[in-house]
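**Q** If you scroll down you'll find the structure; I have some questions about it.
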Amino acid sequence: MDFELSGDQKLLQETIFEATSSMSQSLSFEDKWQYIADTGIIGTCIDNEYGGLGLGATDMLIALEAMSKGSSDNGLSFAIAAHTLACVIPIHKYGTVHQKQQYIPSLIDGSMIAANAMTESESGSDVFNLQCKAKKVEGQYLLNGSKTFISNSAASSLVLTYAETNPDKGFFGGLSAFIVEKDQYKIGASFKKMGLENCSLGEIIFEQSSLSETNLLGKEGGGAFIFNHSMEWERICLAGIHLGAMQRVLAKTIEFVKQRKSLGQSIGKFQGVSHTIADMVCTLDVARNYAYKSAWCLDHKKNVSKEAAITKLFVSNTVKNFMLNAMQIFGGYGYITEYGIEQEVRDAMAATIYSGTSEVQKNIIVSNLGI
Ligand SMILES: Cc1cc2nc3c(=O)[nH]c(=O)nc-3n(C[C@H](O)[C@H](O)[C@H](O)COP(=O)(O)OP(=O)(O)OC[C@H]3O[C@@H](n4cnc5c(N)ncnc54)[C@H](O)[C@@H]3O)c2cc1C
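The numbering used here applies: residue 262 is where the sequence shown begins, and numbers increase by one.
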């Protein structure tokens with residue numbers, strides 16, 4: 262067992278961290294997206310022939326962690342991660358050579374933004390209740406239905422979506438994945454939300470969207486498999502953005518408790534404060550080690566259903582509690598906007614909801630135990 266990063270991994274980590282920590286936070290969303298894309302991060306796991314770095318899941322985790330440690334724009338980091346993990350990686354893995362040549366270079370060089378559209382108004386955790394349908398008519402699929410809570414919805418120029426192609430076969434066998442370009446879908450309402458400002462969240466609508474075989478990702482009926490696989494990648498590697506944010510906030514918190522005084526001494530000298538920091542570091546380190554182990558399992562082609570669920574469950578709980586603890590330590594300064602801590606709290610709150618709620622992760626964990 263080797264816990265040391267390789268020289269190349271350290272270089273990747275440093276390069277992404279240096280680039281993202283020097284990114285101007287006043288840039289527009291589009292300029293920030295391009296800036297991040299120019300670091301090469303989106304193509305971390307993509308084959309060289311399509312413009313990527315040809316690396317693995319652990320490298321992806323390292324890169325996302327470094328990005329989020331460097332940049333405090335958690336909305337942007339989430340948007341980049343959702344695009345990369347739930348859209349680019351499945352298209353790269355299951356796409357035909359033609360689909361990969363057509364989409365992957367633009368998806369990784371920053372010129373195209375993708376959204377992963379699975380959730381519907383009556384089908385969030387209940388994935389078996391999808392209403393979106395793709396009916397085959399004279400060699401074409403006619404796609405109808407609407408998706409909601411879709412990250413990157415407003416910014417998207419491509420959607421990876423899932424629809425029923427055969428009602429008799431149910432979720433496993435009856436669901437297919439489609440790559441849909443902008444002229445074949447409408448962007449619906451965008452939602453105001455608690456945090457993750459730079460990641461739009463809204464509806465995607467399909468009305469008689471006319472798709473051909475070339476829009477089908479993988480085999481007809483293979484949608485559930487593709488979705489589950491993309492969620493395993495997302496649940497493991499998305500941890501990187503939370504791990505990076507926690508490290509960034511930890512450094513700020515340590516600095517704060519050293520300089521903030523109470524009763525004539527630094528507040529870090531009070532055990533009530535320092536022990537909270539010890540607890541924060543423990544959960545961060547355990548979360549980090551588990552996420553790295555899970556990424557290693559993904560790289561070694563193990564079945565990661567349980568590992569992905571544990572990573573998602575533990576890291577998302579950890580980041581929420583971590584940010585709340587940081588706010589408590591900052592006192593009034595944590596609650597006002599100037600120090601950026603209340604923003605971290607608001608950004609962290611969705612972590613136990615997206616990519617499958619904590620309760621759904623627990624269902625997956627126990628189903629892996631035969632319960
Ligand atoms: C910021 C954000 C970004 C998102 N991005 C995307 C995206 O890019 N693409 C996309 O497709 N979706 C996205 N989603 C949607 C997200 O995946 C769903 O919100 C999530 O799966 C929960 O579905 P729901 O909101 O319908 O809640 P529900 O499924 O209605 O759940 C409500 C509550 O009931 C619990 N519950 C429901 N069923 C069960 C069960 N079987 N066992 C135990 N508890 C259960 C849930 O855990 C939850 O606490 C995003 C959501 C958010 C908040």
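Think of the CB as a built atom: it goes at the ideal place given N, C-alpha and C, for glycine as much as any other residue.
What do you reckon, are the CB atoms on Q445 and S470 nearer than 7 Å?
**A** Your numbering for residue 445 matches position 184 in the sequence shown. Your numbering for residue 470 matches position 209 in the sequence shown. Yes, the Cβ-Cβ distance between Q445 and S470 is below 7 Å.
**Q** How long is the line joining the alpha carbons of A347 and Y596, rounded to whole angstroms?
**A** Numbered from 1 along the sequence shown, position 86 holds the residue referred to as residue 347. Numbered from 1 along the sequence shown, position 335 holds the residue referred to as residue 596. Spanning the two alpha carbons is a distance of roughly 33 Å.
**Q** Can L504 and R549 be called in contact, C-beta distance under 7 Å?
**A** On the sequence shown, position 243 is the one that residue 504 refers to. On the sequence shown, position 288 is the one that residue 549 refers to. Yes, these two residues count as a Cβ contact at 7 Å.
**Q** Once the 5 residues before and after A609 are set aside, which same chain residues still bring their CB inside 6 Å of it?
**A** By one-based count along the sequence shown, residue 609 stands at place 348. V580, K581 and M584.
**Q** Three-state secondary structure (DSSP) at Y402?
**A** Here residue 402 refers to the residue found at position 141 when the sequence shown is read from its first residue. Strand, per DSSP.
**Q** Measuring CB atoms only, is the segment 314-325 touching the segment 483-499, in the sense that at least three cross pairs come out at less than 8 Å?
**A** Yes, they touch.
**Q** Can you say whether Q622 is buried or exposed, counting buried as having 16 or more other CB atoms within 10 angstroms of its CB?
**A** Looking up residue 622 in the sequence shown gives position 361. Q622 is buried by the Cβ-count criterion.
**Q** Identify which residue in G331, D292, G268 and L391 has its Cα closest to the Cα of F278.
**A** Residue numbering aside, residue 278 sits at position 17 when the sequence shown is read from its first letter. Per the Cα distances, G331.
**Q** What does a CB cutoff of less than 7 Å around W557 pick up in its chain, not counting 5 residues either side in sequence?
**A** What you label residue 557 is simply residue 296 of the sequence shown in a count that begins at 1. Closer than 7 Å at Cβ, skipping near neighbours: T319.
**Q** If you measure between the beta carbons of I369 and I303, is that distance less than 7 Å?
**A** To locate residue 369, count along the sequence shown from 1; it is residue 108. To locate residue 303, count along the sequence shown from 1; it is residue 42. Yes, they are a contact pair.
**Q** For the segment 384-448, which segments carrying the alpha helix (DSSP H) assignment without a break, of at least 4 residues, lie completely within its bounds, in sequence order?
**A** The qualifying runs are 432-435.
**Q** Is it buried or exposed for H561, if we count other Cβ within 10 angstroms and need 16 for buried?
**A** Taking the sequence shown and counting its residues from 1, one reaches residue 561 at position 300. That one is exposed.
**Q** Taking all protein chains shown into account, do 16 or more other C-beta atoms lie within 10 angstroms of the C-beta of H344, making it buried, or fewer, making it exposed?
**A** To locate residue 344, count along the sequence shown from 1; it is residue 83. Buried.
**Q** Name the two residues that bound the continuous beta strand (DSSP E) containing S535.
**A** Here residue 535 refers to the residue found at position 274 of the sequence shown. Note, S535: premise wrong, no beta strand (DSSP E); alpha helix (DSSP H) at Q532 to D560.
**Q** In whole angstroms, what is the alpha-carbon distance linking F439 and L273?
**A** In the sequence shown, the residue the question calls residue 439 occupies position 178. In the sequence shown, the residue the question calls residue 273 occupies position 12. For F439 and L273, the distance between alpha carbons rounds to 32 Å.
**Q** Bridge partners of N377, per DSSP?
**A** Looking up residue 377 in the sequence shown gives position 116. Answer is L421, bridged to N377.
**Q** Compare the beta carbon distance of T544 and N586 with 7 Å and say whether it is the shorter of the two.
**A** Numbered from its first residue, the sequence shown carries residue 544 at position 283. Numbered from its first residue, the sequence shown carries residue 586 at position 325. It is not a contact, given that the beta carbons lie outside the stated cut-off.
**Q** Helix, strand or coil: which one does DSSP assign to S491?
**A** Taking the first residue of the sequence shown as 1, we reach residue 491 at position 230. The answer is helix: DSSP assigns S491 an H, G or I state.
**Q** Out of M455, L472, I626 and E493, state which residue places its alpha-carbon closest to the alpha-carbon of E603.
**A** Position 342 of the sequence shown, counting from 1, holds the residue named residue 603. E603 has its Cα closest to that of M455, out of M455, L472, I626 and E493.
**Q** Shorter than 6 Å, the distance from the beta carbon of N459 to the closest heavy atom of ligand 1, or not?
**A** Sequence index remark: in the sequence shown, residue 459 carries index 198 (1-based). N459 Cβ: outside cutoff for every heavy atom of ligand 1.
**Q** In whole angstroms, what is the alpha-carbon distance linking V565 and E620?
**A** By one-based count along the sequence shown, residue 565 stands at place 304. By one-based count along the sequence shown, residue 620 stands at place 359. Roughly 18 Å between the two C-alpha positions.
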